[in-house]
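Just so you know, the sequence shown maps onto residues 1 to 900 in UniProt numbering. Encoded as structure tokens, the structure appears first; notes follow it.
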Amino acid sequence: MGATDSKLAFRKGVFRLFEENNLPAEADEYWSQFWNLPESSDDVFSLIGASDIRRVRDSARHNMETLIDKLLGKMEALIHSKDFTTNHRSTIQLLNCMRVLTRLMPYVFENPDSGEWENEFFWTPRQIEIPTPVANNMEGQVHTAFGEQPPDQKIQQQYRTVEPRGQKFLTLVLQALFLADFTIPGSLATGTSHVNYVIWETGVGSSTPLGSSKEHDVNRYETLRLLIVLLSKSMYIAPSVVISEQDNWIHFVVAKSERKVVLALLCSLLNTAAKYNPLGWGLPYNHVVFSDPREVLVVMCLRAALILLDYQSPGHADFGDAPKENDLPKDTSRLSLDIQSVPESKDKATVELESPATLTTITQSAPQEHAADNAFRYYLSKLHRPQDFQFLIDGMYRILSNPMLANNTYLPGSTKQVRCHVETMMLCWKLLEINQRFRQYLLETDRVLDLMVVLIYYAVDNRNNPAQIGLVRMSAFVLQTLSSDRAFGVKLNKTFDGHSSLPNSVRLPAFHGSYADFVIISIYNLIATTRGALSTLYPALILIIANVSPYLKNLSVASSSKLVSLFNSFTAPGFLLADDSNHRLVEYILESFNNIIQYQFTDNPNVIYALIRAHSKFEKLRDFTLAGALQDITRIELAKEEKRRKSQQIQGEVRESTDTTPVAQVESTAPTDSEQTTDQEALSEKARGKRKEEDPSASDVAPEAAVPAVNEPPAETTVVSDPVESLRRQSSASSILSQTLAPGSRSRFTPTQAWVDSWKPTLPITPILLMLDHLVPQVTELCSTQSLTSDAQVLEYLRKMTLVGILPHPQPIHIRRFQWGEALVIWFRSMLWGQAYVFSLSGSGLWNGTNIKLFQIKHEAAPTKPDASTKRSEPASPQLPLEQHQLIPTRSNPTIETTD
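Given below as structure tokens:
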């Protein structure tokens with residue numbers, strides 16, 4: 001549609017849709033312009049405006065129905081046409097039909113008043129009149145020849161029932177994904193049909209390459225885009241009912257599609273994504289010189305696969321009841337997995353991988369209702385070949401590690417950074433959840449350690465980015481999923497040799513330790529440097545440590561001191577009394593210490609030594625009372641006020657002497673407010689005199705910097721330069737309690753002695769106290785008699801100690817697995833569709849401006865240079881990068897939010 005006249009003619013045709021009611025369906029010349037005139041997707045999206053579609057939908061719905069019928073009829077005629085491969089115009093016409101439908105359907109879904117009409121128009125079987133043939137009635141001819149009146153004949157009109165439009169619509173789209181000379185090579189057309197359900201790429205289920213072209217990739221992208229739009233009705237349903245309402249569109253694809261269609265589509269989506277290599281030839285800045293159209297197709301494949309794998313119909317979603325002893329957040333519950341064995345599939349390009357006998361075996365190996373609910377989840381759970389698992393994890397890790405590699409190069413911007421890493425992580429999580437064999441394969445190899453490092457990188461690198469908090473949350477949940485397996489905990493004891501090659505954001509200073517040390521210190525940094533922004537993730541982060549603690553050996557001095565620092569922060573009166581569930585974090589960290597003491601005592605002298613040095617903290621927890629905690633808080637508040645007063649007095653004296661003191665000296669003697677409110681990493685160097693990371697005494701963080709809970713304003717931050725004073729401080733969160741308990745506070749929780757009595761007796765502190773009662777006097781006596789003159793001698797002494805007969809019988813290892821619940825399912829779905837929405841803004845903006853209910857869109861102002869004449873910044877344009885948009889769910893659990 002390059003000519004202005006054709007664009008004007010097309011625009012006039014759009015006007016007629018809402019200006020004239022009941023346009024005749026026989027006006028073929030008018031309707032044909034919708035698939036003949038446009039020449040690109042931009043033409044369709046620019047010439048059919050949102051207001052035009054809404055006016056047609058609301059005031060001339062008959063015309064919209066006719067347009068949809070005409071487009072579907074044209075698609076059906078093109079797909080089943082015998083000369084499709086020889087007629088070049090057929091491809092353009094099929095693409096235009098899909099483009100117009102892609103433009104229309106979001107506005108069909110957005111209107112809540114159209115729900116009944118949509119259900120009736122798309123999902124009600126239709127009655128079509130059967131033409132009655134004219135019979136050769138000899139008797140009637142005889143009567144007529146002799147002038148007699150023929151007898152009356154009552155002809156009863158007959159009708160036939162045809163499939164609903166929605167079913168026909170989705171079937172045509174699925175057929176277009178495997179249409180010869182459109183999305184697959186023309187040579188794959190058969191004598192009877194151009195539709196051939198073959199796997200696009202080699203990998204899972206196929207070892208024969210089909211060959212592909214850029215034209216095929218573009219057509220696959222546009223067809224998948226239409227499929228995703230048809231499956232996007234969830235975006236227009238409120239979070240409170242999104243799980244309870246059945247989506248007819250996606251339910252048909254996952255539950256009523258043929259087996260060969262499911263296998264071909266699933267394998268094609270997985271293989272296309274897993275074979276993608278964002279580095280290309282590996283040359284620096286190659287992405288600047290050459291475009292990469294393959295990436296958008298990979299994004300669509302990942303998104304389509306996730307949408308299909310995430311769906312569970314309301315009657316089949318099984319979340320179960322979480323056990324009472326499991327103290328995960330209240331919005332989680334159990335999700336059961338069906339694990340079955342399947343015969344090995346043959347290596348063929350087509351989906352007919354098994355013989356009928358083998359297919360019967362698969363059908364009988366598991367209850368049929370699992371496949372009937374979601375065939376995509378069912379067949380994904382059947383993957384079992386190690387080479388398939390290796391292919392998938394290699395492809396996913398190649399994409400997941402790309403941002404880490406791109407940010408760790410000597411030449412800035414020389415490596416392309418992909419935009420599909422979030423979807424890839426979601427797919428990896430789904431694989432771990434659905435296929436137990438994949439999880440076992442991952443845990444048996446060292447690839448699980450590579451995956452763990454990538455997850456830590458995403459969590460640490462994005463911890464201060466509000467737009468990526470969903471990515472941080474997902475990283476923590478995947479780590480918790482992995483931590484529930486013993487093999488993962490055992491593998492963490494391996495020395496981390498590649499740490500020096502990590503990006504600066506995740507690299508630890510002077511680090512020489514194991515993967516376990518890396519995990520513990522990284523989790524500590526996530527908690528200590530975010531000032532409560534990740535408070536809803538504290539249970540998941542601490543449970544990661546608790547789950548692997550029975551298997552950890554030879555933890556370093558740094559990681560041991562970080563564990564004790566976490567305990568100090570969680571038992572601080574200000575934090576412990578700030579919320580009614582904070583005591584659970586104390587329970588989790590105590591369980592970690594107990595597991596190390598009872599199962600790995602000899603192999604962890606650094607942890608034992610750190611516990612001995614902090615024995616007063618455990619004794620104080622043993623004697624904890626509400627009255628004593630409130631007294632400590634009051635005392636600390638008074639001390640802070642006194643220190644603040646003295647600091648202000650000193651600053652006033654310094655300002656009086658500015659006339660005689662050089663500016664450089666003033667800056668060195670009086671730190672500014674910005675210096676006092678730096679993050680924990682900066683505070684670490686200043687507060688500890690740049691002590692070495694391996695010094696146990698350096699583990700006691702600056703009080704306000706380590707606050708795990710955090711509503712404290714920056715003005716309350718205090719830099720503690722004296723380590724003795726730091727050790728004397730009893731609370732790392734005490735300054736927030738007055739805000740927490742005061743009227744109008746966000747928590748509005750008021751602790752009582754009855755509440756303290758409900759959890760304090762259940763704390764698993766007895767084994768630790770017994771160990772300390774046994775070891776502290778011995779170590780103190782040996783140090784006083786100078787027989788132990790160094791830390792190394794104390795550690796060697798502890799290695800030779802035994803607690804046999806001192807501790808009670810070890811309790812069974814309690815593993816807390818990650819468990820799905822309705823709120824988390826809503827969060828995952830919101831994040832999935834939020835990513836799709838933001839990604840579409842850089843293109844046609846499929847859902848832009850529609851009435852989305854699943855989440856809210858917050859457009860941030862684009863950064864501009866300060867200018868006195870600059871007016872207030874306008875809302876961000878649709879071309880802004882992903883980080884500029886925050887997606888927040890509506891009317892959902894307040895702790896479940898999507899901001900990616």
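The beta-carbon is built from N, C-alpha and C at its ideal position, and this holds for glycine as well.
In terms of Cα proximity to Q167, the closest of P573, D181, S592 and D69 is D69.
Per DSSP, the unbroken beta strand (DSSP E) holding Y159 starts and ends at Q158 to V162. Residue state for K760 is assigned as helix, using DSSP reduced to three classes. R126 is bridged by DSSP to V162.
When DSSP states are grouped into helix, strand and coil, A516 belongs to the helix group. By a beta-carbon distance limit of 8 angstroms, N606 contacts L795. Their separation comes to about 7 angstroms. In the structure shown, the three-state DSSP call for L227 is helix. According to the DSSP secondary-structure assignment, T495 is paired through a beta bridge with S514. S41 places its beta carbon less than 8 angstroms from that of E222.
A305 sits away from Y197, with the two beta carbons spaced by 8 angstroms or more. The stretch 481-488 makes no contact with the stretch 835-846: fewer than 3 CB pairs, one atom from each, lie closer than 8 angstroms. For G191, the secondary structure class from DSSP, reduced to helix, strand or coil, is coil. Cα atoms of P761 and S842: separation of roughly 56 angstroms, rounded to the nearest angstrom. S501 is positioned such that its CB atom lies no closer than 8 angstroms to that of V454. Here DSSP, grouped into helix, strand and coil, assigns K256 to helix. Put simply, the stretch 238-248 does not touch the stretch 107-117. Fewer than three CB pairs are less than 8 angstroms apart.
Its Cα nearest to that of I521, the residue L508 stands out among V422, L807, L508 and Q631. Comparing alpha carbon positions, the residue from Y609, F749, W755 and W820 closest to L772 is Y609.
Comparing alpha carbon positions, the residue from A50, M98 and L775 closest to M75 is M98.
Scanning Q786, V586 and L775 for the CA closest to the CA of I765 turns up V586. For L226 and F45, the gap between their C-alpha atoms comes out near 13 angstroms. The Cβ-Cβ distance between M426 and L832 falls below 8 angstroms. As DSSP reads the structure, G203 sits in a beta bridge with S206. Scanning the stretch 801-853 for uninterrupted beta strand (DSSP E) segments of 3 residues or longer gives nothing; none is fully contained. Pairwise C-beta distances place the stretch 625-645 out of contact with the stretch 805-815, as fewer than three of them are shorter than 8 angstroms. The closest CA to that of V204, considering only K7, L392, V564 and D603, is found on L392. In its chain, beyond the 5 residues on either side, A375, F376 and Y379 have a beta carbon closer than 7 angstroms to the beta carbon of V262. The three-state secondary structure of I243, taken from DSSP, is coil. I806 is classed as exposed because its beta carbon has fewer than 16 other beta carbons within 10 Å across all chains shown. Taking C-alpha positions only, D181 is separated from A77 by approximately 16 angstroms.
The C-alpha of F18 is placed about 50 angstroms away from the C-alpha of T536. For E591, the enclosing alpha helix (DSSP H) covers residues H583 to Y599.
Burial state of K491 is buried, judged by a 10 Å Cβ sphere holding 16 or more other Cβ atoms. Taking C-alpha positions only, A273 is separated from L763 by approximately 47 angstroms. For L8, the three-state secondary structure derived from DSSP is helix.
Contact between the stretch 449-467 and the stretch 503-518 is established, with three or more Cβ pairs separated by less than 8 angstroms.
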